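Visitor:
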Amino acid sequence: LIVVNLRIVDNDFEIKVSNDGPALPSEIADSLFDPMVSSARDARKTHLGLGLYIVRLVAEFHKGAVSARNRPGGSGVEVLVSLPKALSG
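First residue of the sequence shown? That's 641 in the numbering used here, and the numbers climb one at a time after it.
(1) When DSSP labels each residue in this structure, what does Asp660 get in the three-state scheme?
(2) Answer yes if the region 697-712 comes into contact with the region 660-674, meaning at least three C-beta pairs across the two stretches below 8 Å, and no otherwise.
(3) Mapping DSSP to helix, strand and coil, what is Ala726?
(4) Assuming Gly655 contacts Val644 (C-beta within less than 8 Å), just tell me the rounded distance between them.
(5) If contacts are defined as beta-carbon pairs under 8 Å, then Ala699 and Val721 qualify, I think. What distance do you get, rounded to the angstrom?
(6) Going by DSSP, what residues sit across from Asn651 in a beta bridge?
(7) Going along the chain, which residues of its own chain have a beta-carbon closer than 7 Å to the beta-carbon of Arg711, five neighbours each way excluded?
(8) Name the two residues that bound the continuous alpha helix (DSSP H) containing Arg696.
(9) From what residue to what residue does the beta strand (DSSP E) around Val706 run?
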């Protein structure tokens with residue numbers, strides 16, 4: 641199950657995408673938003689590891705931020721994208 645939530649917090653939009661899949665491995669926590677990072681362990685499946693990197697680039701381009709964490713109890717992952725409601729300049 642994938643759930644997408646949108647809310648306004650102060651001057652930002654917050655988009656949270658959560659799933660009830662496997663937790664993020666701790667060994668990739670520091671590099672999760674870098675290019676070519678993947679937690680895939682099945683060598684038969686092609687995975688470029690660019691998805692969250694692209695999310696980070698888009699968020700930063702719009703003066704926002706992105707973070708990810710394991711859901712409480714290890715029941716999945718939450719990715720939070722925060723974007724300003726208005727851009728200055």
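Virtual Cβ for every residue (Gly too), placed ideally from N, Cα, C.
All values derive from a computational prediction rather than experimental measurement.
Guide: Working from what's here:
(1) Walking along the sequence shown from the start, residue 660 turns up at place 20. In the structure shown, Asp660 sits in coil (DSSP, three-state: anything other than H, G, I, E or B).
(2) These segments touch.
(3) Taking the first residue of the sequence shown as 1, we reach residue 726 at position 86. Three-state result, Ala726: coil.
(4) Within the sequence shown, residue 655 is the residue found at index 15, counting from 1. Within the sequence shown, residue 644 is the residue found at index 4, counting from 1. The question names Gly, yet the displayed sequence has Ile at residue 655. So it is a contact: roughly 7 Å between Cβ atoms.
(5) Reading the sequence shown from its first residue, position 59 is the one you call residue 699. Reading the sequence shown from its first residue, position 81 is the one you call residue 721. In this structure, Ala699 and Val721 form a Cβ contact; the two beta carbons are roughly 5 Å apart against a cut-off of 8 Å.
(6) Sequence index remark: in the sequence shown, residue 651 carries index 11 (1-based). For Asn651, no pairing in a beta bridge is given by DSSP.
(7) Taking the sequence shown and counting its residues from 1, one reaches residue 711 at position 71. Result list for Arg711: Ser658, Val717 and Glu718, in chain order.
(8) By one-based count along the sequence shown, residue 696 stands at place 56. Counting along the chain, the alpha helix (DSSP H) containing Arg696 begins and ends at Gly691 to Phe701.
(9) Taking the first residue of the sequence shown as position 1, residue 706 is located at position 66. Here the beta strand (DSSP E) through Val706 covers Ala705 to Asn710.
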